[in-house]
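Following: one structure in structure tokens, then a few remarks.
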Amino acid sequence: MNAADTHTAHGSGGPSAQEQEPAVSVTGLRLKFPGSAPLLFDDLTLEVPRGQKVLLLGPSGCGKSTLLQVFSGLIPKSIEVPMKADALQLPDAWGYLFQDPDTQFCMPFVDEELAFVLENLQVPREEMGERIRLCLEQVGLRLPDLHTPIASLSGGMKQRLAIASLLALNPDVWFLDEPTSLLDPEGTGEVWETVKRVTEGRTVLIVEHKIEEIAGFVDRVVLFGHDARILADGPPQRVFREHRQELQEYGIWYPGVWEDYDRRPDLMPERGQSAARSAQVAQPLLRLEAFCGFHGREKKIEIPSADIFGDDWIAVVGPNGAGKSTLLQALMQLIPTQGRYNLGPRAVKGFDDVIGDASYVFQNPELQFVTHSVFDEVAWDFRQEGLPEAEVRTRSGEVLEWYGLAGHRELHPYQLSLGQKRRLSVASATGKARRLLLLDEPTFGQDAANTFALLEKLEEWRRGGSAIVMVTHDPEIVARFATRVWEVRGGRLAADLPPEAYRKLQAAGEAAAGKEAEAPCR
Numbered sequence: 278m279n280a281a282d283t284h285t286a287h288g289s290g291g292p293s294a295q296e297q298e299p300a301v302s303v304t305g306l307r308l309k310f311p312g313s314a315p316l317l318f319d320d321l322t323l324e325v326p327r328g329q330k331v332l333l334l335g336p337s338g339c340g341k342s343t344l345l346q347v348f349s350g351l352i353p354k355s356i357e358v359p360m361k362a363d364a365l366q367l368p369d370a371w372g373y374l375f376q377d378p379d380t381q382f383c384m385p386f387v388d389e390e391l392a393f394v395l396e397n398l399q400v401p402r403e404e405m406g407e408r409i410r411l412c413l414e415q416v417g418l419r420l421p422d423l424h425t426p427i428a429s430l431s432g433g434m435k436q437r438l439a440i441a442s443l444l445a446l447n448p449d450v451w452f453l454d455e456p457t458s459l460l461d462p463e464g465t466g467e468v469w470e471t472v473k474r475v476t477e478g479r480t481v482l483i484v485e486h487k488i489e490e491i492a493g494f495v496d497r498v499v500l501f502g503h504d505a506r507i508l509a510d511g512p513p514q515r516v517f518r519e520h521r522q523e524l525q526e527y528g529i530w531y532p533g534v535w536e537d538y539d540r541r542p543d544l545m546p547e548r549g550q551s552a553a554r555s556a557q558v559a560q561p562l563l564r565l566e567a568f569c570g571f572h573g574r575e576k577k578i579e580i581p582s583a584d585i586f587g588d589d590w591i592a593v594v595g596p597n598g599a600g601k602s603t604l605l606q607a608l609m610q611l612i613p614t615q616g617r618y619n620l621g622p623r624a625v626k627g628f629d630d631v632i633g634d635a636s637y638v639f640q641n642p643e644l645q646f647v648t649h650s651v652f653d654e655v656a657w658d659f660r661q662e663g664l665p666e667a668e669v670r671t672r673s674g675e676v677l678e679w680y681g682l683a684g685h686r687e688l689h690p691y692q693l694s695l696g697q698k699r700r701l702s703v704a705s706a707t708g709k710a711r712r713l714l715l716l717d718e719p720t721f722g723q724d725a726a727n728t729f730a731l732l733e734k735l736e737e738w739r740r741g742g743s744a745i746v747m748v749t750h751d752p753e754i755v756a757r758f759a760t761r762v763w764e765v766r767g768g769r770l771a772a773d774l775p776p777e778a779y780r781k782l783q784a785a786g787e788a789a790a791g792k793e794a795e796a797p798c799r
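The sequence shown begins at 278 in this note's numbering and counts up by one.
Below, the structure written as structure tokens:
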């Protein structure tokens, strides 16, 4: 089933009359991906009553997204995966939000995408304009021109558009797979408030790592282990309280996980701090002056002046669509640029001037893959160095082991879960540490264990003299690891701040917003 089918075939909307039946259920599910030795699900049984809000929680790769696809019927009707079940109850009217919003769309422009949904619901043409504007307004996607190419949107803006398409569909059952992973904190709050409002009385199954936003929204948490078996199933507070040990053991997100992380005895001291700079990093690794990046002839990012040193961890923050990813693309010379750009003693004029010193991790991991197996993806960089094949295999194996991908070495990268794809994209780009690491949302779709492990590896490299420039929407990462914060707004580097100063500005803004919300209407 393609994206069009997702919008239409099961999207008639309106509540079902068969209230006595569950919204979805499966008994004795057995499922196995081709090329993978073990069963992903082995005799799984789960039922979700109508109107219930359920959070599927577990480590990356444990099968949460796959289970959503089974419950929607995408597997095996559209995605051919061998599976059997003793009984399977699927919904008649459903909407599915994919982890990767690009897989959702079937039209090239924003207004056409939503109009396509409405056409299949037989909405009169004269009503479409207002319906489209309302859906976009509800998810906070504000565009000067609704006939905007979807390809020109940022990842977070695409996520909002995908959610708007579900709003237009108005299904009975909502399947939400990491619906806010690419959104800034403000956008995350806006989207969840919208989802909570429009799904009242509807069934919602959610896969999500941002637990704080929805812990009070869901009625039930189903907790999975690495082997896709259910470890716990019950009300959120009870699961989080009674199964804290399993949550910690399996590295799963839960409320308070960052505070528990801070108390770990094995943590590196003084994370996010630069010691007195050694001679190696006393001079800037990278210097920019009057630097601009372009999409075609249109200027998309502007940096008046900036230096990056060899022990910097720069968190790039700002609202969706501000130009954060474009900034990284400009630094990697993936788009045309103008202005002064020096990397070490060398003036940068093109991609060949940075590739030896910089690694880039794309926001969409699939854009990064160039081979047909997980192992070859990691081995690619080592082979380009001309290393003996025996050494390539040894070093690649070590990298795969460290990133938790050793058991998937023979799979095609596209067969991995999104969290595993993200780990593979980071592994292939950073198997060999370079002087400059450019990372675009490297932790999205990751469980807590893999997030912490990656951050600690990056911190280790930073202390060794590598500079890190990382786009992130996670304030917890900014607070604990960043040495500087670049705030991007309106396609311009608007501020370069110490983390403490940035946090004070954020707190002041939140306080002001709170007072404004409490002010009486006039």
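Quick reminder that beta carbons are idealized off the backbone N, C-alpha and C, glycines included.
Cβ distance (whole Å) where A756 is taken to contact R780 below 8 Å: 7 Å
So, using beta-carbon positions, are E490 and G466 closer together than 8 Å? yes
Would P642 and K734 be called neighbours here (beta carbons separated by less than 8 Å)? no
Top-ranked residue by Cα proximity to N447, from L365, V499, V394, R686: V394
Taking buried to mean at least 16 other C-beta atoms within 10 Å of its own C-beta, is L453 buried or exposed? buried
Specify, as a first and last residue, the run of the beta strand (DSSP E) that N597 falls within. Premise fails: N597 is in no beta strand (DSSP E) and is neither H nor E.
Count the CB pairs spanning the segment 401–411 and the segment 365–384 that are closer than 8 Å, and state whether there are at least three. no
Is the distance from the Cβ of W451 to the Cβ of T471 below 8 Å? no
Contact between the segment 569–581 and the segment 610–618: three or more CB pairs below 8 Å? yes
Measuring CA to CA, which of I580, F517, G681, A505 is closest to R307? A505
Any idea what DSSP makes of Q723, helix, strand or coil? coil
Spell out a yes or no on whether the segment 628–639 and the segment 713–725 are touching, meaning 3 or more CB-CB pairs, one atom from each, closer than 8 Å. yes
In whole angstroms, what is the alpha-carbon distance linking S673 and A656? 5 Å
Helix, strand or coil for S705? Go by DSSP, reduced to three states. helix
From what residue to what residue does the alpha helix (DSSP H) around P432 run? A small correction: the amino acid at residue 432 is Gly; Pro does not occupy that position in the sequence shown. 432–446 is the extent of the alpha helix (DSSP H) around G432.
Can you give the beta carbon distance from S337 to Q692, rounded, assuming they're within the 8 Å contact cut? That pair is no contact at about 14 Å.
Straight-line gap, A785 to Y531 (C-alpha atoms, nearest Å): 27 Å
I need the straight-line Cα distance from A553 to T760, nearest angstrom please. Only weak support exists for where A553 lies, its pLDDT of 49 falling under 50; the coordinates are left without a value.
Roughly how many angstroms separate the alpha carbons of V325 and A300, rounded to a whole number? 6 Å
Whether or not the segment 576–587 and the segment 764–779 are in contact is what I'm after, with contact meaning three or more pairs of Cβ atoms, one per stretch, closer than 8 Å; do they touch? yes
Rounded to the nearest angstrom, what separates L438 and A428 at their Cα positions? 12 Å
Give the list of continuous alpha helix (DSSP H) stretches no shorter than 4 residues that lie fully inside the segment 329–358. 341–349, 351–354
Based on Cα-Cα distance, which residue from Q436, E455, K709 lies nearest to L333? E455
Enumerate in chain order the residues of its own chain whose CB-to-CB distance from L411 is below 7 Å, with the five nearest sequence positions on each side excluded. none
Does V631 come out as helix, strand or coil in the three-state DSSP assignment? coil
Could you check if S313 is buried or exposed, using at least 16 other CB atoms within 10 Å of its CB as the buried criterion? exposed
Considering only the beta carbon of each residue, do L460 and H649 sit closer than 8 Å? no
When the Cα of Y373 is compared with those of L365, K626, I352, which residue comes out closest? I352
Would the C-beta of P368 count as close to the ligand PLP, meaning under 7 Å from any of its heavy atoms? The ligand PLP is absent from the structure shown, which contains no ligand whatsoever.
Spatial neighbours of P622 within its chain, please: C-beta separation below 6 Å, excluding the five flanking residues on both sides. none
Can you give me the start and stop residues for the alpha helix (DSSP H) that Q366 sits inside? Where Q366 is concerned, there is no enclosing alpha helix (DSSP H), although the beta strand (DSSP E) it sits in stretches over 364–366.
Output the boundary residues of the alpha helix (DSSP H) element that contains S673. 666–679
Threshold first: 3 residues or longer. Then list the beta strand (DSSP E) segments lying entirely within the segment 444–480, N to C. 450–454
Could you check if E414 is buried or exposed, using at least 16 other CB atoms within 10 Å of its CB as the buried criterion? exposed
How should L644 be labelled, buried or exposed, when 16 other C-beta atoms within 10 angstroms of its C-beta is the threshold for buried? exposed
M384 - DSSP class collapsed to helix/strand/coil: coil
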